[in-house]
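For the sequence shown, full-length UniProt numbering begins at 1 and goes up steadily by one.
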Amino acid sequence: MTSTALATPVSTAARTSLSVSLPAWANNTPSAGPVSVSIEHDGSNITITGRREAGLDVFLGIPYAEPPTGPLRFARPQAKRYNSSVLATAAGPACMQPTEGVSLSTSEDCLTLNIMAPAGVRSRLPVIVWIHGGGFVRGSGAEALSPSFVSYGARTARPFIFVTLNYRLGAFGFAHDNAGLRDQKLALQWVRAHIHALGGDPAKVVAWGHSAGAASIGLLMLSRQKLFRGAILQSGAPGLVPVRPRHMVRRTVRRLARLAGCKRDEIACLRNLTADGVLDAAARLKALPEYARLAEWAPARDEIVPASPLAALRRVKIPFICGTTRDEGTFMLRSAMIAASGSSHASADHASMNGANASLLSAAEYLAAAWALPRDVISEVLAAYPDDPALGAPFGTGNETFGLPTQYKQVAAIITDGQWTSRRRALLGANRKAWGYVFAAGPPASASHPAYLGASHTDDMPYLFGGVNATVYGPEDLDLAQKMLNYWTNFAYHLDPNGADKRGEGNAALSTFWETYDEGRIMNLSAGGTWMEPDDARWDQVQVFRRPAVAKAIFNMLLTFSLLAALASLAAAAPLDLETRQSPPAYRYIHPIDAPELCITAVADETGAYEGTQLTVRRCVASADQRFRVNWPNTKVTFLAEPTLCIDSSGTPGKPGKKPKLKDGRAARLLPCPNVGNITAPTNGYWDRSDYVHLRLWGTDVCLDGTDGLVHQSECGGEDQEWAFDVVGTA
């Protein structure tokens, strides 16, 4: 199933609506003729041969990295070492991913890119690089191979080069070292190094992505290397899924390895499995309730991914467009409900949706309980998003319920604003050179796109990739498609959707001047026209998601809970007691207690609470030395703990009750600690053995790698120095 947090189309019907079927020339059928270019790589001239078809020079399946197989599985990508020539006449396979219900060729040897350019043009054109979405678990660059998109630029005297790419997905891409994100980075570096040979200007690269692809681009905007000069982020931004702490990645990999039969050396063992063996283990992992979360495989904290990317983006000067559809959450909720009912997307109808109705009835209350919000915040969220169909999503549909329970619109509104609207506003509001939009159109109601979806996730994509046609869509939609193409192409040329004419009078297709977000105004892209409007829809309601307590709770929920798992469990769930703030024990914890790797993400020492993750120190037990206070939503547990290995920079064992005095740049050492004893069990009796407790390291720019005891300053920040101690205790 596609990740609920970040979904691009997964169903056959959805893929068809996006017109992602490959054109004839992408399948190695006879063409107008070969075309070759020469690039210089590692001091050698390499000939790349593609094909010329329908006025386009097309180069497909160009490898940019060595096959990530064997010892390179899970490793950082290695730049491709070419022979003297590359045959680039057929799109390569997609990266490894689930293929149920989809006819798709996949392989680990998938790190390729595709390039489309106006035939014979070698004049330093702007370059648009597309990074696909799919929740970091599905998709391929070939899906966006649209001749009509590239031809639009040529027809309007603004030709450009279009590049798509594959990157590793799921466990292959995000179980270790953010390999999938590094794939994207290497592909962009390839473009900057070689695109001039194909007619592109390496100084005029714009990165464009949807959903997970947009979230990736937002993270790559933080790179010290200038990979691109502008960005277009559709239905995605940093923060769309939370940056995973390293300890959580390690925990997931350990469980994955155990499911695959690995007892030790998890990564090494997983490298010895077949690719299908890794996929099978990942599928079994996803079937476990505690791992059926929204973004199990997604970028994790490292030197290129900060703990708070939205905050870091405030310092970025790259111009960008960022927008969402009006009703993003309806697609996610529908996907979860249909999956819970046992139906597929292809056969989805009201009957299958109604099969999940019983599970939906308590969803709003359960989501509040799962987020572990305090009573006043729970009341505020539910007050902001009441069970009133006139206020729910799809928005603007009045009291219409589409034959579904009213809670459908309520929960869809919470998902839309909590996960998309609030993040779009936060990102746009942090940057001066940014343009925002909301897309409020979409296909006519049909079996594959019921009216209860509204303007949902992915509905904007056909307007840019040639999927809007007169057979299905009306003339207003055709006009909107031309306007969107015009805005996007202008941005590629001028880093401004209005083009060179800042008043917006230079192109007939451009009817509305698009203002930057300085004054908090966005472009409304509707079939009935385009206009600027204040970005204040549901302003008071959306503000609730910007409260720190709510934002933190949603962060934990996204990491821990799957909407599908939530819906599947609702019928049996006890209702939340708002007076006592008590929820059923299984929902009290950030992780269900059914495994010895329980993780706690909020711990207070005597100076206050901290968040973030960095290190794991093992072989520790607890004793009566350092005092920790664990803050749960409903209780405070105090116990005494001392690890067998103390952290100290002076060369002497740590003394009870003293803070480690680490100075910037100074190596930390692991030393034996005295007075080892047993942990005092928490009062609620829910502890298990080998649990993780996180303690912040005092200091500013020093952190310790628990595997070798070395300081790595480049990976440290004042807010991310948290140690994860293995403690041993009994309930």
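Glycine included, C-beta positions come from ideal geometry on N, C-alpha and C.
Please read these numbers as outputs of a predicted model, since none were measured by experiment.
{"Query": "Quick check on this structure: which residue in Leu56, Gly429, Arg158 has the alpha carbon closest to the alpha carbon of Arg546?", "Result": "Gly429"}
{"Query": "Short check: CB of Phe160 to CB of Thr489, under 9 Å?", "Result": "yes"}
{"Query": "Closer than 8 Å by C-beta to Thr406: which residues in its own chain qualify, once you throw out the five before and the five after it? Chain order, please.", "Result": "Asp387, Asp388, Pro389, Gly392"}
{"Query": "Give a yes or no on whether the minimum CB-CB distance between Ile232 and chain C is below 9 Å.", "Result": "Protein chains in the displayed structure number just one, and chain C is not present."}
{"Query": "Looking only at its own chain, which residues have a Cβ that is under 7 Å from the Cβ of Gln78, when we skip the five neighbours before and after it?", "Result": "Ala65, Glu66, Leu72"}
{"Query": "Is it buried or exposed for Arg424, if we count other Cβ within 10 angstroms and need 16 for buried?", "Result": "buried"}
{"Query": "Pairs of beta-carbons, one from the stretch 185-202 and one from the stretch 122-136, closer than 8 Å: are there three or more?", "Result": "yes"}
{"Query": "Which residue comes first and which comes last in the alpha helix (DSSP H) that contains Ala434?", "Result": "First-last for Ala434: 434-439, but that is the beta strand (DSSP E), not the alpha helix (DSSP H)."}
{"Query": "Could you tell me which residues DSSP pairs with Phe320 in its beta bridges?", "Result": "Ala231, Ala434"}
{"Query": "Can you tell me where the alpha helix (DSSP H) with Phe491 in it begins and where it stops?", "Result": "475-494"}
{"Query": "Would you call the stretch 143-157 in contact with the stretch 95-112, where contact means no fewer than 3 C-beta pairs closer than 8 Å?", "Result": "no"}
{"Query": "Between the stretch 509-521 and the stretch 168-184, are three or more C-beta pairs nearer than 8 Å?", "Result": "no"}
{"Query": "Could you compute how far the alpha carbon of Val249 sits from the alpha carbon of Lys263?", "Result": "17 Å"}
{"Query": "By a C-beta neighbour count over all protein chains shown, 10 Å radius and 16 as the cutoff for buried, is Glu296 buried or exposed?", "Result": "buried"}
{"Query": "Put Arg81 into one of helix, strand or coil per three-state DSSP.", "Result": "coil"}
{"Query": "Would DSSP call Glu266 helix, strand or coil?", "Result": "helix"}
{"Query": "Just to confirm the assignment, what range does the alpha helix (DSSP H) spanning Trp539 have?", "Result": "539-543"}
{"Query": "Could you say if the stretch 48-64 and the stretch 204-216 meet the contact criterion of at least three C-beta pairs nearer than 8 Å?", "Result": "no"}
{"Query": "Buried or exposed: which applies to Gly236, given that a residue is buried once 16 or more other Cβ atoms fall within 10 Å of its Cβ?", "Result": "buried"}
{"Query": "Between which residues of its own chain and Thr421 is the CB-CB distance below 7 Å, once the five residues before and five after are set aside?", "Result": "Thr324, Val542"}
{"Query": "Assign Phe174 to one of three DSSP states: helix, strand, or coil.", "Result": "helix"}
{"Query": "Just checking my contact of Ser38 with Thr49 at CB under 8 Å: how many whole Å lie between their CB atoms?", "Result": "Not a contact, Cβ separation roughly 10 Å."}
{"Query": "Counting pairs of Cβ atoms below 8 Å between the stretch 148-168 and the stretch 108-124, do you hit three or more?", "Result": "yes"}
{"Query": "Give the secondary structure of Ala54 by DSSP, where H, G and I count as helix, E and B as strand, and everything else as coil.", "Result": "coil"}
{"Query": "Find out if the Cβ-Cβ distance for the pair Gly141, Asn114 is shorter than 9 Å.", "Result": "yes"}
{"Query": "Looking at the strands, I want to know which residues DSSP matches up with Thr117.", "Result": "The sequence given here has Ala at residue 117, not Thr. BP columns for Ala117 point to Asp57."}
{"Query": "Ends of the alpha helix (DSSP H) at Ile304?", "Result": "Premise fails: Ile304 is in no alpha helix (DSSP H) and is neither H nor E."}
{"Query": "Would you please state the rounded distance, in angstroms, between the beta carbons of Thr458 and Pro394? I believe it to be under 8 Å.", "Result": "Incorrect: roughly 14 Å between the Cβ atoms, too far for contact."}
{"Query": "Indicate whether Ala171 and Val278 have their beta-carbon atoms separated by less than 9 Å.", "Result": "yes"}
{"Query": "Give a yes or no on whether the C-beta atoms belonging to Arg229 and Val206 are separated by under 9 Å.", "Result": "yes"}
{"Query": "Does the separation of the CB atoms of Trp435 and Ile321 fall below 9 Å?", "Result": "yes"}
{"Query": "Quick check: what's the CA-CA separation for Ala447 versus Asn45?", "Result": "53 Å"}
{"Query": "Just to confirm my understanding: we take Ala312, look at its own chain, exclude 5 residues before and 5 after, and list those with CB closer than 7 Å. What are they?", "Result": "Leu222, Pro306"}
{"Query": "Counting along the chain, where does the beta strand (DSSP E) carrying Pro534 start and finish?", "Result": "529-534"}
{"Query": "Give me, in chain order, the residues of the same chain whose beta-carbon lies closer than 6 Å to that of Trp208; leave out the 5 immediate sequence neighbours on both sides.", "Result": "Ile128, Trp130, Ile232"}
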